[in-house]
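> Counting from 1, one number per residue, gives the positions in the sequence shown under full-length UniProt numbering.
Think of the CB as a built atom: it goes at the ideal place given N, C-alpha and C, for glycine as much as any other residue.
Take a look at the following structure, please.
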Amino acid sequence: MTKLDFESESNLAKFQGLSDSIVTKFFNLKPIQLDSFKRICQALKLKWIEIAGIGEENQSEAVSENDGSSSELVEQQQPPLEVTVIDRQTETIKASIVLTGDIDSAELLKRIESSLQNSSGETIKISDIKRDSIQLIVEGYQKDIERLVSQFKSGEVTEISGFPVQDIKILNTRLDDDQNKELDPKWRLVEEIVSTGAAGRDLNGVDLSDVDLSGADLSRADLSGANLSGADLSRVHFKGIDLSSANLSGANLSDAQLKGANLNYTKLSAANLRDADLKGADLSRAQLKGSDLRAADLRAANLYKADLSHGNLSHSNLSRANLNDARLVRADLSGTNLSVAELNYTNFSRADLSGANLSGADLTDANLSPADLSGANLSGANLSGANLSPADLTDANLKSADLTNAQLSRAIVDNTQFGDNSGIDESIKLDLIERGAMFEDVPGDSSEIVTSSQIPQTNAIN
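Pasting the structure below:
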């Protein structure tokens with residue numbers, strides 16, 4: 001492309017109310033939602049049908065089948081090498097500014113407007129004021145609004161006429177051609193949420209896929225069954241929200257505050273939940289396959305029958321969580337805290353649990369074959385009926401663990417610490433010692449350790 005009026009992909013996403021990842025997918029020729037595809041093309045003054053590679057004979061059919069349906073995906077063909085984009089720097093757009101303080105006179109408003117014009121451009125005008133939240137709606141040329149936002153985001157400017165600025169956001173650009181009218185309801189709703197929040201609103205089943213709602217107030221909102229796939233929901237206020245059965249696949253929920261949230265049956269595959277607060281959240285039967293939950297707080301969360309296969313939960317906190325019957329096949333749980341967690345019938349096949357804390361956890365009938373439990377703490381855990389063959393238990397601590405009917409026949413037990421274990425008879429104990437395990441000879445007396453070197457050698461029986 002020879003010219004773009006947007007400085008970057010991130011800038012384009014911001015002006016169109018789209019998440020960064022969706023715009024990146026567009027330029028990388030990856031499939032995206034139809035309405036998002038159209039919106040990007042419209043922003044760049046491109047004919048979306050041509051870019052999508054739909055032939056003229058199929059145009060009417062394609063539009064009638066897919067028009068307005070966000071569930072349809074479009075995979076564009078290789079675009080032309082050169083695209084000339086119409087300059088939109090003089091188009092009027094809006095921004096929302098939230099101030100701290102009390103504006104009680106027209107003269108004060110005029111002074112604030114003058115201050116904005118002096119710092120960012122003479123086209124900027126205050127078009128509306130919401131006094132309850134001290135929220136100003138300003139409008140001006142795109143270049144001036146963009147400069148204004150940049151000044152506050154960079155910290156160059158922190159106040160206006162003595163009023164500290166709490167937040168500033170660009171609202172969506174004007175959509176004024178016939179082709180855009182079909183998208184108005186969805187994007188008008190996005191603008192409302194970004195501008196005033198959606199606290200307590202009934203948004204059951206709405207389509208908010210691919211949108212940028214970062215920092216928005218969605219507390220107590222009903223978004224059950226909503227489509228938020230691919231959305232940027234970072235720093236969103238989620239207190240008391242209902243997201244049951246919602247589609248959040250591929251959404252950005254990093255640092256999200258979801259304590260006690262209702263997320264049962266929610267689709268969260270490939271979602272970014274890194275550092276999220278999910279204490280006590282209901283994620284029962286949720287689809288979290290391939291999700292990023294690194295360092296997330298999931299204490300006492302309900303993940304009954306949830307699918308976390310291929311997910312990254314390293315260094316997350318799942319203490320006292322309910323993961324009964326959950327799937328964690330090939331999941332990364334290294335360094336994770338699973339102490340006193342409920343893990344009955346949980347499938348950890350090929351999972352990485354190295355260095356994990358499973359002390360006091362209930363792993364009755366769990367599948368840990370062939371999981372990596374090297375260096376893990378399983379002291380006091382209930383492993384009755386668990387499949388540990390051929391799990392790697394190198395350097396693991398299994399003191400006081402209940403091993404009744406546990407399968408250990410092919411487990412790797414180099415330097416594994418046992419002692420005071422239920423379900424271990426002398427023959428099993430001797431077999432484990434011969435394979436490199438270490439047993440406390442007397443319960444509670446760590447000074448008496450029995451190793452393979454202390455077992456009398458006998459002739460092998462053929």
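1. Keeping to the same chain, check which residues put their C-beta closer than 7 Å to that of R330; ignore five residues upstream and five downstream.
2. Residues in its own chain within less than 6 Å of T346 by CB, not counting five upstream and five downstream?
3. Could you give the first and the last residue of the continuous beta strand (DSSP E) run that contains I170?
4. Over the uninterrupted alpha helix (DSSP H) stretch that includes V23, give me the two end residues.
5. Have a look at G155, L430, S19 and T336 and flag the residue whose alpha-carbon is nearest the alpha-carbon of R294.
6. Using a 10 Å radius around the Cβ and a threshold of 16 neighbouring Cβ atoms, would you call N397 buried or exposed?
7. Per the DSSP calculation, D297 is bridged to which residue(s)?
8. What number of angstroms, rounded off, separates the C-alpha of L183 from the C-alpha of V206?
9. Please report the distance separating the alpha-carbon of D167 from that of Q151.
10. Would you say S229 and S249 are within 9 Å of each other, going by their C-beta atoms?
11. Within 10 angstroms of the Cβ of F37, are there 16 or more other Cβ atoms? Answer buried if so, exposed if not.
12. Suppose the cutoff is 7 Å on Cβ atoms and the five residues either side in sequence are ignored; what does the same chain contact list for K181 look like?
13. For the beta strand (DSSP E) that K94 lies in, which residues bound it at each end?
14. For A231 versus N252, is the C-beta spacing smaller than 9 Å?
15. Over the uninterrupted beta strand (DSSP E) stretch that includes I137, give me the two end residues.
16. Touch check for the segment 91–99 and the segment 134–151: three-plus C-beta pairs under 8 Å?
17. How many Å lie between H315 and L333 at the Cα?
18. So, helix, strand or coil for R327, using DSSP?
19. Between the alpha carbons of E192 and S114, how many angstroms are there, rounded?
20. Do Q417 and N387 count as a contact pair if the criterion is CB distance below 9 Å?
21. Going by CA-CA distance only, name the one from E50, N118, N405 and L278 that's closest to G260.
22. Could you check if G17 is buried or exposed, using at least 16 other CB atoms within 10 Å of its CB as the buried criterion?
23. Start and end of the alpha helix (DSSP H) containing N262?
24. Rounded to whole angstroms, what's the CA-CA distance from S284 to S319? Just pull it up for me.
25. In whole angstroms, what separates the C-alpha of N28 from that of S120?
26. Give the straight-line distance between the Cα atoms of V340 and S400, rounded to the nearest whole angstrom.
27. How about A281 and N262: are their beta carbons less than 9 Å apart?
28. For G355, is the classification buried or exposed, using 16 other Cβ atoms within 10 angstroms of its Cβ as the cut-off for buried?
29. For E342, tell me which candidate among D372, A376, A381 and S369 has the shortest Cα-Cα distance.
30. Can you say whether S10 is buried or exposed, counting buried as having 16 or more other CB atoms within 10 angstroms of its CB?
31. Rounded to whole angstroms, what is the Cα-Cα separation between S234 and G375?
32. On the three-state DSSP scale, how would you describe F439?
33. Only counting the same chain, and skipping five residues up and downstream in sequence, which positions put a Cβ closer than 7 Å to that of D275?
34. Under the assumption that I134 contacts I103 (Cβ atoms under 8 Å), give the Cβ distance between them as a whole number of angstroms.
35. Would you say A361 reaches chain C, if we count a Cβ-Cβ gap shorter than 9 Å as a contact?
In this structure, then:
1. S309, H310, R350 and A351
2. L323, A326 and A366
3. F163 to I170
4. D20 to F27
5. Of the candidates G155, L430, S19 and T336, the one whose C-alpha sits nearest the C-alpha of R294 is T336.
6. Looking at its Cβ environment, which holds 16 or more other Cβ atoms inside 10 Å, N397 is buried.
7. D277 and N317
8. Since pLDDT at L183 reaches only 48, below the 50 mark, its modelled position is unreliable, and the value read off the structure follows with that caveat. Between L183 and V206, the C-alpha separation is close to 13 Å.
9. Cα atoms of D167 and Q151: separation of roughly 12 Å, rounded to the nearest angstrom.
10. yes
11. When all chains shown are included, F37 counts as buried.
12. At K181, the pLDDT of 43 sits below 50, so the modelled position is not reliable and the matter cannot be decided from this model.
13. Run containing K94: T92 to L99, per the beta strand (DSSP E) assignment.
14. yes
15. Its beta strand (DSSP E) spans residues Q135 to Y141.
16. yes
17. 7 Å
18. strand
19. 26 Å
20. No, these two residues do not count as a Cβ contact at 9 Å.
21. Of the listed residues, the one whose Cα sits closest to G260 is L278.
22. buried
23. Note, N262: premise wrong, no alpha helix (DSSP H); not H, not E.
24. 16 Å
25. 34 Å
26. Their backbone Cα atoms lie some 14 Å apart in a straight line.
27. For A281 and N262, yes; Cβs fall inside 9 Å.
28. buried
29. A381
30. exposed
31. 34 Å
32. strand
33. S254, D255, A295 and A296.
34. 6 Å
35. Among the chains in the structure shown there is no chain C, since it carries only a single protein chain.
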